[in-house]
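Encoded as structure tokens, the structure appears first; notes follow it.
Residue numbers (full-length UniProt numbering): 1 to 146.
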């Protein structure tokens, strides 16, 4: 299981952007995001990374030559996606070790610290977290299920 494509709000009003993602395993080093912006993530892409990581208790474990998901497989695929998105701009890249298969996820969790969790509710069909953001504000990050 892997993220093969994701769609993000565009940079201009009323537009969308789609990105294809290579590879179909839990290995964050295999494949890349095609047509990824060379100048890094904009605010919309950063928000996708935040939402994918901060309320995500799944993991990716490295055993020999392969990677496996721990926890919910769909959540683990989001962690692999964020690793392919690379480090957030305001992170301390010197603190991440080269080859660490979850260094980007760890950096995001340092920048956006979870305060409390709003568990999934079948009526509102969503789940969320309130975080202390690196911007100094509190944010509500929400995942919606349809």
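No residue lacks a Cβ here, since even glycine has one placed at the ideal position from N, Cα and C. Keep in mind that this is a model prediction, so the values were computed, not measured.
message = So, at 7 Å on beta carbons, what are the nonlocal neighbours of residue 58 in its own chain, with the 5 sequence-adjacent residues on each side left out?
response = 69, 70, 71, 72, 75, 76 and 79
Contact check, residue 54 vs residue 129, beta carbons under 8 Å = yes
key: Host alpha helix (DSSP H) of residue 81 (start-end)   = 73 to 85
query = With a Cβ-Cβ cutoff of 8 Å, do residue 133 and residue 145 count as a contact?
reply = no
message = Starting from residue 113, trace the beta strand (DSSP E) in both directions and tell me its first and last residue.
response = 113 to 121
inquiry  = Relative to the C-alpha of residue 25, which candidate in 113, 140, 118 and 65 has its C-alpha closest?
reply    = 65
request  = Go through the region 15 to 70 residue by residue and report every complete run of the alpha helix (DSSP H) that reaches 4 residues or more, in order.
outcome  = 43 to 54
key: Per-residue DSSP class, three states only, for residue 110   = helix
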